[in-house]
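Have a look at the structure below before the remarks.
In the numbering used here, the protein residues as written are 189 to 315.
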């Protein structure tokens, strides 16, 4: 498959990123990783992401500011999953206003993340 979907995961916790990586490892995707908001912005400038998996609480700029920045670009990720420890209704409203495709809270079930990625990207469901 020459045109595999590209996912950018923005997660500052390396252990949590490893869980994400292992969860998605069997899917026909290209996974890229950024540890900070600024790294995410730079990565997204160079790669057309089909899906952005975005933490909100990052060490430099927060995930909402990452979204604000990329929303000014002509070329944006097609879909966004916010994966955060923030459980408040306020954050869910912000996500809705930012056109976030899915909002998932930590701790998360790896199976649910995988299913959501498969659904959003329209990947074949393996049995």
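Quick reminder that beta carbons are idealized off the backbone N, C-alpha and C, glycines included.
Report the option in 227, 280, 307 and 199 whose CA atom is closest to the CA atom of residue 257.
Mapped onto the chain shown, residue 257 falls at position 69. Here the closest residue by C-alpha is 227.
Quick one: using the 10 Å Cβ neighbour count with 16 as the cut-off for buried, is residue 252 buried or exposed?
Counted from its first residue, the chain shown places residue 252 at position 64. Counting Cβ neighbours within 10 Å, residue 252 comes out buried, since at least 16 surround it.
Could you spell out the range, first to last residue, of the alpha helix (DSSP H) harbouring residue 228?
If you number the chain shown from 1, residue 228 lands on position 40. Residues 225–234.
Quick check: the region 235–247 against the region 273–290, are there 3 or more CB pairs under 8 Å?
yes
Should residue 252 be flagged as near chain D, meaning a C-beta pair shorter than 7 Å?
This model lacks chain D altogether; it includes just one protein chain.
Go ahead and pull the three-state DSSP assignment for residue 270.
Position 82 of the chain shown, counting from 1, holds the residue named residue 270. In this structure, residue 270 counts as strand in the three-state DSSP scheme.
Flag this pair as yes or no: are the beta carbons of residue 238 and residue 193 separated by less than 7 Å?
Mapped onto the chain shown, residue 238 falls at position 50. Mapped onto the chain shown, residue 193 falls at position 5. Yes, they are a contact pair.
Quick check on DSSP: helix, strand or coil for residue 220?
Taking the chain shown and counting its residues from 1, one reaches residue 220 at position 32. Strand, per DSSP.
At which residues does the alpha helix (DSSP H) containing residue 290 begin and terminate?
Here residue 290 refers to the residue found at position 102 when the chain shown is read from its first residue. Unbroken run through residue 290 is the beta strand (DSSP E), 290–293; no alpha helix (DSSP H).
Any idea if residue 199 is buried or exposed, counting beta-carbon neighbours within 10 angstroms, 16 or more meaning buried?
Position 11 of the chain shown holds residue 199. The residue in question, residue 199, is buried, as its Cβ has 16 or more Cβ neighbours within 10 Å.
Among 303, 196, 210 and 214, which residue has its Cα nearest to the Cα of residue 223?
Position 35 of the chain shown holds residue 223. If we check each option's Cα against that of residue 223, 196 comes out closest.
For residue 265, count neighbouring C-beta atoms within 10 Å of its own C-beta (all shown protein chains included) and say buried if the count is 16 or more, exposed if not.
Locating residue 265 in the chain shown gives position 77, counting from the first residue. Buried, because 16 or more other Cβ atoms sit within 10 Å of the Cβ of residue 265.
DSSP on residue 375, reduced to helix/strand/coil?
Any answer about residue 375 is impossible in this case: the structure gives the chain only from 189 up to 315.
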